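The next block holds one structure in the form of structure tokens; read it before the comments.
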Amino acid sequence: MNFSGNFAHIASVDIAALQQRVQELPEQQWLGEAFRQQRYEVHRDTQTIHLVFDPDFRHTHPTRLPVLQEFEPFIRPCLKIVADHFDDSPKGWELFDEHGMGYFVRANLVRLKSGGAITEHTDNNFSLVHSHRIHLPIITHEQVDFTVGGETINMKEGELYEINNRRMHSVQNAGPADRVHLILDYVIPGEKCCCGEKLHPLTACNPQACEETDRLQIECVCHPVL
Ligand SMILES: [Zn+2]
Ligand SMILES: [Zn+2]
Numbered sequence: 002m003n004f005s006g007n008f009a010h011i012a013s014v015d016i017a018a019l020q021q022r023v024q025e026l027p028e029q030q031w032l033g034e035a036f037r038q039q040r041y042e043v044h045r046d047t048q049t050i051h052l053v054f055d056p057d058f059r060h061t062h063p064t065r066l067p068v069l070q071e072f073e074p075f076i077r078p079c080l081k082i083v084a085d086h087f088d089d090s091p092k093g094w095e096l097f098d099e100h101g102m103g104y105f106v107r108a109n110l111v112r113l114k115s116g117g118a119i120t121e122h123t124d125n126n127f128s129l130v131h132s133h134r135i136h137l138p139i140i141t142h143e144q145v146d147f148t149v150g151g152e153t154i155n156m157k158e159g160e161l162y163e164i165n166n167r168r169m170h171s172v173q174n175a176g177p178a179d180r181v182h183l184i185l186d187y188v189i190p191g192e193k194c195c196c197g198e199k200l201h202p203l204t205a206c207n208p209q210a211c212e213e214t215d216r217l218q219i220e221c222v223c224h225p226v227l
């Protein structure tokens, strides 16, 4: 989702138990899913464990994968903080009566190899444009740089951020260890993308109405980088 910023800090979360659980993951579990790194060139240095995910990037009725059960107790506090953050926002209140509860459309654990990078890109499909992309660093260190819209920060473990995935973003892991983030996509049903508010004010966002926006390979000018 586009917004007028690069990063929005949401909260600090106690991740001790989750971190321990992730550290205990066998290598096989990381290597088991080759889908994402094969499909996207920008993700060649990553391995992903999908918890809630559909290869077609659908926007409703997400698939909760069996492995989610294993992690659910550890990520539940974080999910609650994120859900409350959006449900209790002005947008959440405005849209709830007509469109119902918000939901997580994707949840994935993503490991970025030591020395690896995710090259600069914007996220370009309907669901990624119309959901809020949240990062929770679980294992990281000082030499991991996250750049969004030309601004670079070092996200600390347990610090929850929304990132503006409609601006150019990239990640560099120049450190000696792998980095692991929990990445969540949260949907506020009925919420329009920035361009939708302007281009089709009377029509709800949908893949046809927003096709032009979704395909933009450059940043739209709705929230100019100041
Ligand atoms: Zn839209
Ligand atoms: Zn826009």
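Everything in the sequence shown is counted per the working numbering, starting at 2 for the first residue and increasing by one.
All C-beta atoms, glycine included, are put in the ideal place defined by N, C-alpha and C.
Treat the numbers as computed from the prediction; the structure is a model and nothing was measured.
For residue 47, same chain residues with a beta-carbon under 8 angstroms away, outside a window of 5 residues either side, are 37, 38, 111, 112, 113, 114, 117, 119 in chain order. Taken through DSSP and simplified to helix, strand or coil, residue 74 comes out as helix. By the C-beta density criterion, residue 10 is exposed, having fewer than 16 other C-beta atoms within 10 angstroms. Note that the C-beta distance between residue 181 and residue 165 is not below 8 angstroms. DSSP places residue 173 in the strand class (E or B) of the three-state scheme.
Sorted by chain position, residues whose beta-carbon lies closer than 7 angstroms to a non-hydrogen atom of ligand 1 are 130, 131, 193, 194, 196, 197, 206, 210, 211, 214. If you draw a straight line from the Cα of residue 74 to the Cα of residue 139, it comes to about 15 angstroms. For residue 134, the CB contacts under 6 angstroms within the same chain, skipping 5 residues up- and downstream, are 164, 166, 186 in chain order. In this structure the stretch 183-201 touches the stretch 102-110; the number of beta carbon pairs closer than 8 angstroms is three or more.
In the three-state scheme derived from DSSP, where H, G and I count as helix and E and B as strand, residue 52 is classed as strand. For residue 147, no alpha helix (DSSP H) segment is defined; the enclosing uninterrupted segment is the beta strand (DSSP E) at 145-149. Per the coordinates, the alpha-carbon of residue 191 lies some 43 angstroms from the alpha-carbon of residue 177. Partner residues in a beta bridge of residue 18, as assigned by DSSP, do not exist.
A distance of 8 angstroms or more separates the beta carbons of residue 76 and residue 161.
Boundaries of the beta strand (DSSP E) around residue 107: 104-113. For residue 221, the CB falls within less than 7 angstroms of some heavy atom of ligand 2. For residue 67, no beta strand (DSSP E) encloses it, and the DSSP letter there is neither H nor E.
The straight-line gap separating the alpha-carbon atoms of residue 215 and residue 131 is approximately 9 angstroms. Taking residue 127 as the centre and dropping the five residues before and after it, the same chain places the C-beta of 60, 208, 211, 215 closer than 7 angstroms to its C-beta, in chain order. CA-to-CA, the gap between residue 78 and residue 102 works out to about 18 angstroms.
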